[in-house]
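Okay, so here's the structure we're looking at.
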Amino acid sequence: MTTIQDSAVRADSALSVSGVLASALPHDLGTAQGPTRYTVPAVFSRRPQPREVDLLHGAGTRQRLADAGYSDVELRVSDRRLLISNTNLVDLKAGLAHLVGLILRDISNQAAQERTDHSNELDALGLVEEERRGSLRRAAAEIHFD
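So for the sequence shown, my numbering puts the first residue at 1072; every next one is plus one.
Laid out in structure tokens, this is it:
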């Protein structure tokens, strides 16, 4: 049975790819009629969080791919799959898979840091609000109608 705590631990674990979904590769791959470039579907280790999807689809990811010589490659999320477009298994094996892994790690870290920062901001705002209410209670307690 999955508990809420188990779900939270999985959500906080680093986003990664567990492997290529070979059964979803083009059916004519490896034949004379097969494509040289195609979409390679890979399976995520867990469902990406919305912020991770935004970062993955963002300009920073496209720039990192372009800087590494993969300007035609596009990364897209589809449920628990990462769709790596305009590539092939050879490119992935030659270094693209490693780069994608680094991108996912960095995105995961950035999203986690943003969550922590947001939580800290909310905690600080909560303390300010608590102090304000305490101050109002003390001020109200000092008023006497004798």
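Where is the CB? At the ideal position from N, CA and C, for every residue including glycine.
Own chain, CB closer than 8 Å to residue i, minus 5 neighbours either side, in chain order
{"i": "Arg1132", "result": "In the sequence as displayed, the identity of residue 1132 is Thr instead of Arg. Leu1126, Leu1146, Ile1174, Ile1178, listed in sequence order."}
{"i": "Asp1188", "result": "none"}
{"i": "Val1124", "result": "Val1148"}
Residue i vs residue j beta-carbon contact at 9 Å
{"i": "Val1114", "j": "Gly1090", "result": "yes"}
{"i": "Ser1116", "j": "Ala1085", "result": "yes"}
{"i": "His1169", "j": "Val1148", "result": "no"}
Beta-bridge partners of residue i, as assigned by DSSP
{"i": "Pro1112", "result": "Leu1154"}
{"i": "Glu1145", "result": "Ser1156"}
{"i": "Gly1140", "result": "BP columns for Gly1140 are empty, so no partner."}
{"i": "Val1088", "result": "Phe1115"}
Cut-off 7 Å between Cβ atoms - residues of its own chain near residue i, not counting five sequence neighbours on either side
{"i": "Ile1214", "result": "none"}
{"i": "Leu1247", "result": "Since the first residue shown for the chain is 1072 and the last is 1217, residue 1247 is missing from the structure and cannot be characterised."}
Neighbourhood of residue i by C-beta distance below 6 Å, restricted to the same chain and skipping five residues each side
{"i": "Asp1217", "result": "none"}
{"i": "Arg1122", "result": "Ala1182"}
- Is there contact here, the stretch 1099-1110 with the stretch 1148-1161, by at least three beta-carbon pairs under 8 Å? yes
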